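Enquirer: Counted the way my numbering counts, the sequence shown spans residues 250 to 362. Where is the CB? At the ideal position from N, CA and C, for every residue including glycine. Please read these numbers as outputs of a predicted model, since none were measured by experiment. I am attaching a structure below and will ask some questions about it afterwards.
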Amino acid sequence: MFGTLQNLIVFALSTAAFIGAIWGLIDASRRADSAFQAAGKQSKMIWLIILGAATIVSFLALPWPLGTGGGIGGILGIAAVVAVMVYFVDVRPKVSQFGGPPSRGRNQSSGGW
Numbered sequence: 250m251f252g253t254l255q256n257l258i259v260f261a262l263s264t265a266a267f268i269g270a271i272w273g274l275i276d277a278s279r280r281a282d283s284a285f286q287a288a289g290k291q292s293k294m295i296w297l298i299i300l301g302a303a304t305i306v307s308f309l310a311l312p313w314p315l316g317t318g319g320g321i322g323g324i325l326g327i328a329a330v331v332a333v334m335v336y337f338v339d340v341r342p343k344v345s346q347f348g349g350p351p352s353r354g355r356n357q358s359s360g361g362w
């Protein structure tokens, strides 16, 4: 029973890391390069490379049915999680102050009264 629970926890953490890496990659790709420079962070291209590598590593670390690995607990998996966490905790809040993703209809009329 403990082995099954442990496998479920590893699968859940690995899946969460993969989803977080994809989310970070999409979020960074939607931001302007000038916002990264204004925030004093690495360039947009560097963050896209870092988050792209984290996405690949976290996918490969997924347990067998999806990826090829045994979970996110390896050194590369931990490095991928740290990179995604640094983006969401440090880079994203500062970059969003200088220009978030393009607004979708925020200032546009929806055709109502």
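Thinking C-beta only, is Ala287 closer than 7 angstroms to Phe347?
Expert: yes
Enquirer: Should Ile324 go down as buried or exposed, given a rule of 16 or more other Cβ atoms within 10 Å for buried?
Expert: Burial call: exposed.
Enquirer: For Thr253, count neighbouring C-beta atoms within 10 Å of its own C-beta (all shown protein chains included) and say buried if the count is 16 or more, exposed if not.
Expert: Looking at its Cβ environment, which holds fewer than 16 other Cβ atoms inside 10 Å, Thr253 is exposed.
Enquirer: Candidates Lys343, Val333, Asp339, Gly319: which alpha carbon is nearest Asn256's?
Expert: Gly319
Enquirer: Locate the alpha helix (DSSP H) running through Pro312, then write down its first and last residues.
Expert: Note, Pro312: premise wrong, no alpha helix (DSSP H); not H, not E.
Enquirer: For Ser278, count neighbouring Cβ atoms within 10 angstroms of its own Cβ and tell me buried if that reaches 16, exposed if not.
Expert: exposed
Enquirer: Considering only their Cβ atoms, is the gap separating Asp282 from Lys290 smaller than 7 angstroms?
Expert: Against a cut-off of 7 angstroms, the Cβ pair of Asp282 and Lys290 comes out as no contact.
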